[in-house]
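Residue numbers (the UniProt record's numbering): 1 to 219.
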(Lines of atoms letter the chains of each structure in order from A and count residues from 1; the text may use other names and numbers.)
(Lines give C-alpha, C1' and ligand atoms only; values in the text may rest on other atoms or scores of the structure.)
Protein backbone atom coordinates (compact mmCIF):
# COMPACT_ATOMS: atom_id res chain seq x y z
CA UNK A 1 0.00 0.00 0.00
CA UNK A 2 1.78 3.09 -1.19
CA UNK A 3 1.06 6.77 -1.29
CA UNK A 4 2.94 8.94 -3.77
CA UNK A 5 3.18 12.59 -2.82
CA UNK A 6 3.92 15.47 -5.14
CA UNK A 7 4.92 19.06 -4.24
CA UNK A 8 1.47 20.30 -5.19
CA UNK A 9 -0.21 17.73 -2.94
CA UNK A 10 -1.62 15.64 -5.77
CA UNK A 11 -2.82 12.36 -4.35
CA UNK A 12 -2.99 8.74 -5.49
CA UNK A 13 -6.36 7.00 -5.75
CA UNK A 14 -9.38 6.47 -7.93
CA UNK A 15 -10.83 9.89 -7.39
CA UNK A 16 -10.90 13.41 -8.75
CA UNK A 17 -9.98 16.44 -6.68
CA UNK A 18 -11.59 19.70 -7.74
CA UNK A 19 -9.97 22.67 -6.05
CA UNK A 20 -12.80 25.14 -5.51
CA UNK A 21 -10.39 27.90 -4.48
CA UNK A 22 -8.04 27.52 -7.45
CA UNK A 23 -8.87 26.84 -11.10
CA UNK A 24 -11.45 24.09 -10.79
CA UNK A 25 -9.04 21.74 -12.55
CA UNK A 26 -9.84 18.03 -12.40
CA UNK A 27 -6.92 15.85 -11.34
CA UNK A 28 -7.69 12.22 -12.10
CA UNK A 29 -5.88 9.18 -10.74
CA UNK A 30 -6.48 5.46 -10.51
CA UNK A 31 -6.75 2.55 -12.87
CA UNK A 32 -10.19 3.43 -14.20
CA UNK A 33 -10.02 3.96 -17.95
CA UNK A 34 -13.25 5.91 -18.25
CA UNK A 35 -13.33 9.14 -16.28
CA UNK A 36 -16.77 10.75 -15.92
CA UNK A 37 -17.37 14.16 -17.49
CA UNK A 38 -17.13 16.43 -14.45
CA UNK A 39 -16.10 19.64 -16.22
CA UNK A 40 -19.46 21.38 -15.53
CA UNK A 41 -19.17 20.51 -11.84
CA UNK A 42 -15.56 21.70 -11.78
CA UNK A 43 -16.55 25.11 -13.10
CA UNK A 44 -19.50 25.31 -10.74
CA UNK A 45 -17.26 24.36 -7.82
CA UNK A 46 -15.47 27.67 -8.20
CA UNK A 47 -18.61 29.37 -6.95
CA UNK A 48 -20.81 26.91 -5.14
CA UNK A 49 -18.90 23.74 -4.38
CA UNK A 50 -21.51 22.51 -1.93
CA UNK A 51 -24.26 22.59 -4.53
CA UNK A 52 -21.95 20.95 -7.05
CA UNK A 53 -21.36 18.11 -4.60
CA UNK A 54 -25.10 17.65 -4.15
CA UNK A 55 -25.58 17.49 -7.91
CA UNK A 56 -22.80 14.92 -8.31
CA UNK A 57 -24.20 12.77 -5.53
CA UNK A 58 -27.38 12.55 -7.59
CA UNK A 59 -25.51 10.78 -10.37
CA UNK A 60 -25.14 7.03 -10.27
CA UNK A 61 -21.75 5.70 -9.18
CA UNK A 62 -20.44 9.06 -7.95
CA UNK A 63 -19.83 10.20 -4.38
CA UNK A 64 -18.84 13.77 -3.61
CA UNK A 65 -17.67 15.64 -0.52
CA UNK A 66 -16.55 19.20 0.12
CA UNK A 67 -13.65 19.27 2.60
CA UNK A 68 -11.64 22.40 3.39
CA UNK A 69 -12.70 24.19 0.23
CA UNK A 70 -12.02 21.24 -2.08
CA UNK A 71 -14.59 19.13 -3.88
CA UNK A 72 -13.64 15.42 -3.90
CA UNK A 73 -15.38 13.08 -6.31
CA UNK A 74 -14.97 9.30 -6.18
CA UNK A 75 -16.37 6.91 -8.75
CA UNK A 76 -16.17 3.25 -9.59
CA UNK A 77 -17.67 0.35 -7.66
CA UNK A 78 -20.72 0.94 -5.56
CA UNK A 79 -19.75 0.38 -1.92
CA UNK A 80 -22.36 -0.82 0.53
CA UNK A 81 -21.58 -0.12 4.17
CA UNK A 82 -24.41 -2.30 5.46
CA UNK A 83 -22.51 -5.58 5.43
CA UNK A 84 -21.23 -7.53 8.43
CA UNK A 85 -17.90 -6.91 10.12
CA UNK A 86 -15.03 -9.28 9.44
CA UNK A 87 -15.05 -12.27 11.78
CA UNK A 88 -12.01 -12.68 14.03
CA UNK A 89 -9.42 -14.88 12.35
CA UNK A 90 -11.16 -14.76 8.96
CA UNK A 91 -7.98 -13.43 7.31
CA UNK A 92 -4.42 -14.55 7.94
CA UNK A 93 -1.20 -12.82 6.93
CA UNK A 94 1.35 -15.20 5.47
CA UNK A 95 4.12 -15.43 2.90
CA UNK A 96 2.81 -15.32 -0.67
CA UNK A 97 5.55 -17.52 -2.09
CA UNK A 98 6.51 -14.96 -4.72
CA UNK A 99 8.34 -11.62 -4.86
CA UNK A 100 5.59 -9.73 -3.00
CA UNK A 101 6.52 -10.96 0.45
CA UNK A 102 3.50 -11.25 2.74
CA UNK A 103 -0.14 -11.19 1.73
CA UNK A 104 -3.61 -11.44 3.28
CA UNK A 105 -5.57 -14.66 2.67
CA UNK A 106 -9.11 -15.65 3.62
CA UNK A 107 -9.42 -18.53 6.07
CA UNK A 108 -13.22 -18.34 5.99
CA UNK A 109 -15.76 -17.34 3.37
CA UNK A 110 -15.96 -13.54 3.36
CA UNK A 111 -19.29 -12.31 2.04
CA UNK A 112 -19.65 -9.36 -0.30
CA UNK A 113 -19.83 -5.96 1.49
CA UNK A 114 -18.09 -7.29 4.60
CA UNK A 115 -16.33 -4.48 6.47
CA UNK A 116 -12.67 -5.50 6.51
CA UNK A 117 -11.53 -2.78 8.87
CA UNK A 118 -9.99 0.69 8.88
CA UNK A 119 -6.51 1.53 7.68
CA UNK A 120 -4.46 1.53 10.86
CA UNK A 121 -1.54 3.91 11.01
CA UNK A 122 -0.09 7.16 12.24
CA UNK A 123 -1.92 10.26 11.03
CA UNK A 124 0.48 12.68 9.32
CA UNK A 125 -0.14 16.12 7.93
CA UNK A 126 1.65 17.17 4.75
CA UNK A 127 4.65 18.72 6.52
CA UNK A 128 5.12 15.64 8.71
CA UNK A 129 4.91 13.38 5.68
CA UNK A 130 7.60 15.28 3.78
CA UNK A 131 9.84 15.35 6.84
CA UNK A 132 9.60 11.56 7.04
CA UNK A 133 9.70 10.83 3.31
CA UNK A 134 11.66 13.55 1.44
CA UNK A 135 11.41 11.58 -1.81
CA UNK A 136 7.63 11.68 -1.66
CA UNK A 137 7.44 7.88 -1.79
CA UNK A 138 6.46 5.58 1.05
CA UNK A 139 5.59 1.90 1.15
CA UNK A 140 2.74 1.81 3.65
CA UNK A 141 1.19 5.28 3.62
CA UNK A 142 -2.21 5.97 2.13
CA UNK A 143 -3.65 9.40 1.44
CA UNK A 144 -6.92 10.49 2.99
CA UNK A 145 -7.05 13.81 1.14
CA UNK A 146 -4.75 16.61 -0.03
CA UNK A 147 -3.57 17.28 3.52
CA UNK A 148 -3.63 14.11 5.62
CA UNK A 149 -2.01 10.68 5.27
CA UNK A 150 -2.12 7.47 7.30
CA UNK A 151 1.27 5.76 7.61
CA UNK A 152 1.25 2.07 8.58
CA UNK A 153 5.02 1.52 8.44
CA UNK A 154 4.96 0.23 12.03
CA UNK A 155 1.60 -1.57 12.00
CA UNK A 156 2.53 -3.65 8.94
CA UNK A 157 5.33 -5.33 10.91
CA UNK A 158 2.77 -7.14 13.07
CA UNK A 159 1.61 -10.05 10.93
CA UNK A 160 -0.06 -11.92 13.79
CA UNK A 161 -3.34 -10.04 13.23
CA UNK A 162 -4.63 -8.90 9.82
CA UNK A 163 -4.94 -5.23 8.98
CA UNK A 164 -5.80 -3.67 5.59
CA UNK A 165 -2.19 -2.49 5.29
CA UNK A 166 -1.32 -6.13 4.53
CA UNK A 167 -3.41 -6.18 1.32
CA UNK A 168 -1.45 -6.51 -1.93
CA UNK A 169 -2.20 -4.92 -5.33
CA UNK A 170 -3.96 -6.19 -8.41
CA UNK A 171 -5.52 -4.08 -11.14
CA UNK A 172 -7.40 -7.03 -12.65
CA UNK A 173 -8.17 -9.42 -9.78
CA UNK A 174 -8.95 -6.96 -7.00
CA UNK A 175 -11.74 -7.96 -4.63
CA UNK A 176 -11.44 -5.14 -2.08
CA UNK A 177 -12.68 -1.55 -2.30
CA UNK A 178 -11.77 1.41 -0.13
CA UNK A 179 -13.93 4.26 1.13
CA UNK A 180 -12.23 7.50 2.25
CA UNK A 181 -13.96 9.14 5.22
CA UNK A 182 -12.29 12.52 5.12
CA UNK A 183 -14.26 14.19 7.90
CA UNK A 184 -13.36 11.29 10.21
CA UNK A 185 -9.78 11.22 8.82
CA UNK A 186 -10.11 7.51 8.12
CA UNK A 187 -10.25 5.01 5.27
CA UNK A 188 -12.44 1.91 5.46
CA UNK A 189 -12.16 -1.26 3.38
CA UNK A 190 -14.93 -3.58 2.14
CA UNK A 191 -15.19 -6.82 0.18
CA UNK A 192 -16.34 -6.09 -3.38
CA UNK A 193 -17.61 -9.65 -3.81
CA UNK A 194 -17.59 -12.97 -2.01
CA UNK A 195 -14.00 -13.98 -1.21
CA UNK A 196 -13.43 -17.71 -1.05
CA UNK A 197 -11.36 -19.66 1.49
CA UNK A 198 -7.70 -19.52 0.48
CA UNK A 199 -8.19 -16.54 -1.83
CA UNK A 200 -5.91 -13.55 -1.44
CA UNK A 201 -7.39 -10.16 -0.63
CA UNK A 202 -6.32 -7.67 -3.33
CA UNK A 203 -6.80 -3.95 -3.89
CA UNK A 204 -6.18 -1.77 -6.95
CA UNK A 205 -3.53 0.69 -5.73
CA UNK A 206 -4.01 2.95 -8.77
CA UNK A 207 -1.87 4.14 -11.65
CA UNK A 208 0.14 6.70 -9.69
CA UNK A 209 1.62 3.96 -7.52
CA UNK A 210 3.50 2.57 -10.52
CA UNK A 211 4.57 5.87 -12.05
CA UNK A 212 8.34 5.78 -12.55
CA UNK A 213 8.57 2.04 -11.87
CA UNK A 214 6.44 0.56 -14.61
CA UNK A 215 8.96 -2.24 -15.09
CA UNK A 216 8.12 -3.50 -11.60
CA UNK A 217 4.36 -3.39 -11.97
CA UNK A 218 2.52 -6.45 -10.73
CA UNK A 219 -0.89 -7.58 -11.92
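The C-beta atom is built at its ideal place from N, Cα and C for all residues, glycine as well. The structure presented is a predicted model; accordingly, all values stated were derived computationally and were not measured.
Please name the residue or residues paired with residue i in a DSSP beta bridge.
i           : result
residue 188 : 118, 179
residue 105 : 92, 200
residue 79  : Paired residues: none, contrary to the question.
residue 123 : 150
residue 135 : Bridge partners of residue 135: none, in fact.
residue 195 : 110
residue 85  : 115
Can you name, in chain order, every residue of its own chain whose Cβ lies under 6 angstroms from the Cβ of residue i, other than the five neighbours on each side?
i           : result
residue 119 : 142, 150, 164, 187
residue 93  : 102, 104, 159, 162, 166
residue 177 : 77, 79, 190, 192
Suppose you measure from the CA of residue i to the CA of residue j; what does that come to, to the nearest Å?
i           : j           : result
residue 196 : residue 114 : 13 angstroms
residue 179 : residue 117 : 11 angstroms
residue 175 : residue 128 : 32 angstroms
residue 22  : residue 137 : Any reading at residue 22 must be qualified, since the residue scores a pLDDT of 34, below 50, and its modelled position is unreliable; the value itself is stated next. Rounded to whole angstroms, residue 22 to residue 137 spans 26 angstroms at the Cα level.
residue 144 : residue 185 : 7 angstroms
residue 121 : residue 161 : 14 angstroms
residue 83  : residue 97  : 31 angstroms
residue 99  : residue 112 : 28 angstroms
residue 86  : residue 211 : 33 angstroms
residue 135 : residue 153 : 16 angstroms
residue 208 : residue 88  : 33 angstroms
residue 194 : residue 81  : 15 angstroms
residue 95  : residue 168 : 12 angstroms
Return the first residue and the last residue of the alpha helix (DSSP H) that residue i is part of.
i           : result
residue 173 : Neither: residue 173 is in no alpha helix (DSSP H) and is coded neither H nor E.
residue 132 : 126 to 132
What are the start and end residues of the beta strand (DSSP E) that includes residue i?
i           : result
residue 149 : 148 to 151
residue 142 : 141 to 143
So, at 8 angstroms on beta carbons, what are the nonlocal neighbours of residue i in its own chain, with the 5 sequence-adjacent residues on each side left out?
i           : result
residue 132 : 124, 138, 151
residue 170 : 202, 203, 204, 218, 219
residue 173 : 202, 219
residue 199 : 105, 106, 175
residue 33  : At residue 33, the pLDDT of 46 sits below 50, so the modelled position is not reliable and the matter cannot be decided from this model.
If you drop the 5 nearest sequence neighbours on each side, which residues of the same chain put their C-beta closer than 7 angstroms to that of residue i?
i           : result
residue 90  : 106, 107, 108, 110
residue 156 : 140, 165, 166
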